[in-house]
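Taking numbering that gives the first Met the number 0, the leading residue of the sequence shown gets 0, the next gets one more, and so forth. Ideal Cβ placement from N, Cα and C applies to all residues, glycine included. Note that the structure is predicted; figures quoted are calculated from it, not measured.
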Amino acid sequence: MKVRLAVAALTLLGFTLAAQIPPPVHTESWPAVPAAIPRDAALERRIDALLKRMTLEQKVGQVIQPSIPNITPGDVRDYHLGSVLNGGGGWPGDVRKATPSEWLALADAFYEASMDTTGGRLAIPVMWGTDAVHGHNNIVGATLFPHNVGLGAMRNPDLIRRIGEVTAVEMRVTGQDWNFSPTVAVARDSRWGRAYESWSEDPELVRVYAEQMIRGLQGDPRSRAFLGPGKVIATAKHFIGDGGTEGGRDQGDVLASEAELRDIHGAGYAGAMRGGVQVVMASYNSWHGAKLHGVGALLTGVLKRRMGFDGIVVGDWNGHGQVTGCTNASCPQSFNAGVDIFMVPEDWKKLYENTVAQVKSGEIPRERLDDAVRRILRVKLRAGLFTAGKPSRRPHGGESSRLGAPAHRAVARQAVRESLVLLKNNGGVLPIAGRKHVLVAGDGADNIAKQSGGWTLTWQGDGNTNADFPGATSIGAGIRAAVEAAGGRVTISADGSFSEKPDVAVVVFGEDPYAEFQGDRMTVVYEGEKDLALLRRLKDAGIPVVSLFLSGRPLWVNPHLNASDAFVAAWLPGTEGGGVADVLLGTHDFKGKLAFSWPKLPTQAVLNRGQAGYDPLFPYGFGLTYADRAELPKLSEDVSGVDQTRPDVYFAGGPAGQWRLEETSSEVALRGGPRLDLSREANGNLALAVGLVVRSAPARPVLLEVAGATIDVSSMLRALPLNEPGTIRVRLRCFADAGADMTKVDVPFRMSTEGELAITLTDVRLVPVADAECP
Numbered sequence: 000m001k002v003r004l005a006v007a008a009l010t011l012l013g014f015t016l017a018a019q020i021p022p023p024v025h026t027e028s029w030p031a032v033p034a035a036i037p038r039d040a041a042l043e044r045r046i047d048a049l050l051k052r053m054t055l056e057q058k059v060g061q062v063i064q065p066s067i068p069n070i071t072p073g074d075v076r077d078y079h080l081g082s083v084l085n086g087g088g089g090w091p092g093d094v095r096k097a098t099p100s101e102w103l104a105l106a107d108a109f110y111e112a113s114m115d116t117t118g119g120r121l122a123i124p125v126m127w128g129t130d131a132v133h134g135h136n137n138i139v140g141a142t143l144f145p146h147n148v149g150l151g152a153m154r155n156p157d158l159i160r161r162i163g164e165v166t167a168v169e170m171r172v173t174g175q176d177w178n179f180s181p182t183v184a185v186a187r188d189s190r191w192g193r194a195y196e197s198w199s200e201d202p203e204l205v206r207v208y209a210e211q212m213i214r215g216l217q218g219d220p221r222s223r224a225f226l227g228p229g230k231v232i233a234t235a236k237h238f239i240g241d242g243g244t245e246g247g248r249d250q251g252d253v254l255a256s257e258a259e260l261r262d263i264h265g266a267g268y269a270g271a272m273r274g275g276v277q278v279v280m281a282s283y284n285s286w287h288g289a290k291l292h293g294v295g296a297l298l299t300g301v302l303k304r305r306m307g308f309d310g311i312v313v314g315d316w317n318g319h320g321q322v323t324g325c326t327n328a329s330c331p332q333s334f335n336a337g338v339d340i341f342m343v344p345e346d347w348k349k350l351y352e353n354t355v356a357q358v359k360s361g362e363i364p365r366e367r368l369d370d371a372v373r374r375i376l377r378v379k380l381r382a383g384l385f386t387a388g389k390p391s392r393r394p395h396g397g398e399s400s401r402l403g404a405p406a407h408r409a410v411a412r413q414a415v416r417e418s419l420v421l422l423k424n425n426g427g428v429l430p431i432a433g434r435k436h437v438l439v440a441g442d443g444a445d446n447i448a449k450q451s452g453g454w455t456l457t458w459q460g461d462g463n464t465n466a467d468f469p470g471a472t473s474i475g476a477g478i479r480a481a482v483e484a485a486g487g488r489v490t491i492s493a494d495g496s497f498s499e500k501p502d503v504a505v506v507v508f509g510e511d512p513y514a515e516f517q518g519d520r521m522t523v524v525y526e527g528e529k530d531l532a533l534l535r536r537l538k539d540a541g542i543p544v545v546s547l548f549l550s551g552r553p554l555w556v557n558p559h560l561n562a563s564d565a566f567v568a569a570w571l572p573g574t575e576g577g578g579v580a581d582v583l584l585g586t587h588d589f590k591g592k593l594a595f596s597w598p599k600l601p602t603q604a605v606l607n608r609g610q611a612g613y614d615p616l617f618p619y620g621f622g623l624t625y626a627d628r629a630e631l632p633k634l635s636e637d638v639s640g641v642d643q644t645r646p647d648v649y650f651a652g653g654p655a656g657q658w659r660l661e662e663t664s665s666e667v668a669l670r671g672g673p674r675l676d677l678s679r680e681a682n683g684n685l686a687l688a689v690g691l692v693v694r695s696a697p698a699r700p701v702l703l704e705v706a707g708a709t710i711d712v713s714s715m716l717r718a719l720p721l722n723e724p725g726t727i728r729v730r731l732r733c734f735a736d737a738g739a740d741m742t743k744v745d746v747p748f749r750m751s752t753e754g755e756l757a758i759t760l761t762d763v764r765l766v767p768v769a770d771a772e773c774p
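Shown next as structure tokens:
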């Protein structure tokens with residue numbers, strides 16, 4: 000094999016999970032939460048009767064939850080499946096723009112299959128779970144609220160409850176009855192890719208919000224309206240510690256003490272219990288090296304026994320497969336630890352068969368299976384699913400006018416207004432007076448996808464355009480409507496160009512959409528050189544500059560603050576961009592107060608009030624109003640010594656970081672770097688992307704190898720044009736399926752052949768991809 004190389008520039012920082020033994024859990028030190036729902040003896044007797052009638056196979060079917068691309072209504076019937084889900088990027092018929100009626104028709108089909116009594120089957124209604132994390136965000140035309148990071152700044156529990164109420168109604172339109180929300184994580188490190196799913200660094204705010212959001216989704220647990228018409232089953236997630244991993248690494252390790260785990264990361268669950276939450280989702284993260292999906296002392300000892308939770312513990316997407324000794328297709332350890340429903344998107348048939356066998360052999364006690372099924376039946380009975388009829392016949396089923404209804408959008412617009420935090424207003428440039436010529440610039444000026452962030456129509460929130468958001472309002476369009484109504488005029492220009500000098504420029508910029516581990520960062524430094532150049536160019540032209548910063552977390556933006564006369568943390572406001580204009584033009588004052596501390600230094604990734612040496616640029620609770628006259632002085636822009644390496648790049652024109660390229664006559668490989676744990680990446684839709692130029696087509700099979708598992712990529716290489724740059728991509732899941740231990744990756748790239756092959760290797764990295772078959 001002949002390999003030509005380019006010049007290296009990037010480095011790699013790898014991660015390994017701590018190997019500590021989890022400390023003992025002192026169950027009695029955790030709070031015992033009074034039951035929000037009185038025990039119903041008649042309901043329990045009905046569960047007893049159902050359990051007596053159910054076969055072993057029917058019981059196991061209830062604990063298996065596949066994703067909708069991998070099942071049919073016939074599977075629901077034949078395997079007695081208790082629930083289904085759609086993940087981010089999972090749609091009926093795999094059609095991204097599936098209509099509300101198509102969603103509803105599939106919900107009806109699943110329900111009818113579950114209630115089929117032919118052949119003496121026992122009818123038990125299926126549940127459909129979905130990630131409606133900022134509104135019914137998988138559905139085109141739905142109302143999308145600000146992400147949690149913005150909602151925390153509102154300090155408005157009543158509005159949180161109303162947001163839950165709207166989300167529940169819009170879910171009912173398309174037939175889903177179970178929401179994988181709210182996230183009650185207490186994010187303590189802004190590098191975490193899910194930080195925007197957290198309301199605050201403060202556990203007390205999270206506790207209060209958790210209770211109110213769940214009451215909005217489910218109703219008052221002590222009223223007859225509980226889980227009644229227009230309500231859905233809520234899920235508190237992810238139990239426990241997801242916001243406290245080392246380095247902010249998604250699915251990483253939490254080294255907090257038990258007291259910190261309880262008092263900080265457990266606060267949201269205490270609130271959720273008081274709100275009557277019916278489902279808790281187990282977390283991907285570890286605690287002192289042990290994956291939470293397998294820690295019975297916490298799932299069963301603390302959550303179920305001490306806190307008195309009598310609902311369902313559901314696993315996260317193949318999270319059971321990360322437990323030591325488990326695979327996606329077999330994990331008695333996780334079930335015995337307290338997970339009641341396996342979320343197993345693809346390998347569900349194998350898991351079903353293995354679980355049946357494990358119950359028969361006694362590896363899973365029958366009492367444990369009955370306990371899990373009892374919990375599932377309890378929630379279904381409380382939700383009235385046995386008598387509700389098919390989803391299209393339930394209240395709001397098929398009422399498409401409720402998706403994005405004006406009253407719902409008004410709630411979202413209020414949330415946008417109240418979430419905005421004014422960090423700087425030198426010279427009183429805000430509010431913008433009427434009859435002004437306003438330039439709205441930046442790549443977020445007229446970009447609803449960017450302002451909505453991840454978990455929006457797609458998993459990562461990518462691939463969307465304004466046309467995908469009927470009825471929504473971009474920030475620029477909202478400003479235009481308000482300014483023109485006041486007698487002024489607006490120029491919207493992403494690059495900041497103009498033919499006539501404006502009176503003021505509003506520049507909308509910030510993070511592009513991301514979700515989960517794709518959003519993990521190495522530092523809190525916002526790079527944004529292009530945005531900074533635009534701010535400085537407008538400033539140098541003598542134009543007052545207002546920055547609207549779109550982000551899922553506080554980031555170090557000192558240069559951008561210095562280049563702005565006014566600076567607003569706008570977070571990820573969702574579809575109702577008009578709420579921004581309501582405040583910028585002074586119709587409403589700023590109300591938002593920081594729910595996360597804002598860094599003064601580029602090294603302050605972990606910055607939480609109460610910690611030793613707490614010294615933020617803007618403290619928790621900061622937020623100016625129009626009455627404030629404080630001037631922000633020029634800030635330091637020094638970033639020396641800050642490591643901004645990329646963990647997903649192994650080769651960029653040359654070996655990255657500690658990796659070295661080793662070449663022989665038959666192979667080329669990257670070795671010498673730190674051992675990597677790529678289990679989370681293999682669990683998601685990430686691929687190994689190899690950039691190269693093929694100089695001569697392969698004569699013999701070419702094997703691409705990761706961690707000892709090989710995939711034949713000969714056909715992929717032959718499909719590339721000779722002597723032109725190209726890329727081949729193979730899902731990491733393919734290597735895992737081929738036997739690779741993705742928790743211990745010493746060789747992230749090896750290509751070998753016994754024949755002739757001439758290539759120029761240019762790039763090796765991890766990239767997100769859509770679901771695809773293995774080569």
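For L103, which residues from the same chain have a beta carbon less than 7 Å from its beta carbon, with the 5 sequence-adjacent residues on both sides left out? T173, G174, P390, S391, G396, G397
Give, in chain order, every unbroken run of the beta strand (DSSP E) that is at least 3 residues long and sits entirely within the stretch 620-666. 648-651, 659-662
Nearest-angstrom Cα separation, counted from V692 out to M0: Only weak support is given to the placement of M0: the predicted model assigns it a pLDDT of 49, under 50, and the value that follows is read from those uncertain coordinates. For M0 and V692, the distance between alpha carbons rounds to 13 Å.
Which residues in the same chain as P501 place their Cβ atom closer than 7 Å to its Cβ, once the five residues preceding and following it in sequence are excluded? H436, V437, L438, T490, I542
Which of the three DSSP states is assigned to I263 in this structure? helix
Kindly confirm or deny that the stretch 441-450 and the stretch 611-623 touch, where touching means at least three C-beta pairs closer than 8 Å. no
Can you tell which of N682, L702, F621 has its C-alpha closest to the C-alpha of A152? F621
Go through its chain and collect everything with a Cβ distance to G243's Cβ below 6 Å, but skip five positions before and after it. R187, V253, A255, H264
Between P99 and G690, what straight-line distance do the alpha-carbon atoms span, to the nearest angstrom? 40 Å
Rounded to a whole number of angstroms, what is the C-alpha to C-alpha distance between D369 and M342? 18 Å
Hey, quick one: how far does the beta strand (DSSP E) through N424 stretch, first residue to last? 420-424
For L260, tell me which candidate among F589, F548, H25 has the shortest Cα-Cα distance. H25
Quick one: is D130 buried, meaning 16 or more other Cβ sit within 10 Å of its Cβ, or exposed? buried
Pick out the complete beta strand (DSSP E) segments inside the stretch 127-203, 3 residues or longer, and give them in chain order. none
Apply the 10 Å Cβ neighbour rule to V378 and answer buried if 16 or more other Cβ atoms are within range, or exposed otherwise. buried
So, helix, strand or coil for T26, using DSSP? helix
Is the beta carbon of A493 closer than 8 Å to that of G441? yes
Identify every residue that forms a DSSP beta bridge with W555. V524
Classification of G118 by the beta-carbon crowding that lies within 10 angstroms, buried from 16 upward: exposed
Per DSSP, the bridge partner or partners of N85: T129
Does the stretch 269-283 touch the stretch 215-232, meaning 3 or more C-beta pairs lie closer than 8 Å? yes
Quick check on the burial criterion: 16 or more other C-beta atoms within 10 angstroms. Buried or exposed for P181? buried
Where does the unbroken alpha helix (DSSP H) through R679 begin, and where does it stop? 678-682
Would DSSP call G690 helix, strand or coil? strand
Would you identify the three-state DSSP class for I67, choosing helix, strand or coil? helix
Test item: CB-CB of R305 and N335 under 8 Å: no
Which runs of the alpha helix (DSSP H) fall wholly inside the stretch 319-383 and span at least 4 residues, in chain order? 331-336, 347-360, 365-381
Using three-state DSSP, classify K743 as helix, strand or coil. coil
What is the C-beta distance between L84 and Q64, in whole angstroms, given that I count them as a contact (C-beta under 8 Å)? 6 Å
Are there any heavy atoms of the ligand SAM lying less than 7 Å away from the beta-carbon of A104, as far as the coordinates show? Because no ligand of any kind appears in the structure shown, any question about the ligand SAM cannot be addressed here.
Any idea what DSSP makes of V736, helix, strand or coil? A quick correction: the sequence has Asp, not Val, at residue 736. Looking at D736 - three-state DSSP - the assignment turns out to be helix.
Considering only the beta carbon of each residue, do V712 and P774 sit closer than 8 Å? yes
Considering only C-alpha positions, which residue in the set E196, V523, D315, A266 is nearest to T602? V523
The alpha helix (DSSP H) enclosing V750, as first and last residue numbers: At residue 750 the sequence reads Met, which differs from the Val that was named. Segment 748-752 is the beta strand (DSSP E) holding M750; no alpha helix (DSSP H) there.
Between the CA atoms of L150 and T586 - distance to the nearest angstrom: 20 Å
Who pairs with M280 in a beta bridge, going by DSSP? K236, V313
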